[in-house]
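FYI, my numbering numbers position 1 of the sequence shown as 169, with every residue one higher than the one before it.
Idealized CB from N, CA, C, for every residue including glycine.
See below for the structure under consideration.
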Amino acid sequence: MFTTRAAREEAYKAEVRRTHALLKPIETEAAAIFYPTLFEVDPSTKVGA
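Shown next as structure tokens:
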């Protein structure tokens, strides 16, 4: 298949956009699960308890 460089670049950009559209919700959900545990307070280090 013979295509111009511009056509290949546009096809690549479209593929990147499709991939990002698929992965963004997964990334958001993973962040919602991960970040609260990352900054969770360890009860054993609580001062004055």
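**C-alpha gap between glutamate 177 and phenylalanine 170, whole angstroms** = Each residue's alpha carbon lies about 13 Å from the other.
**Request:** Have a look at aspartate 210 and alanine 189 and give me their C-alpha separation to the nearest angstrom.
**Result:** Approximately 36 Å between the Cα atoms of the pair.
**Message:** Quick check: the Cα distance between tyrosine 180 and threonine 187, rounded to an integer number of angstroms?
**Reply:** Answer to the nearest angstrom: the Cα atoms are 11 Å apart.
**Asked** Under the three-state reduction of DSSP, which class applies to threonine 172: helix, strand or coil?
**Response** The answer is coil: DSSP assigns threonine 172 none of H, G, I, E or B.
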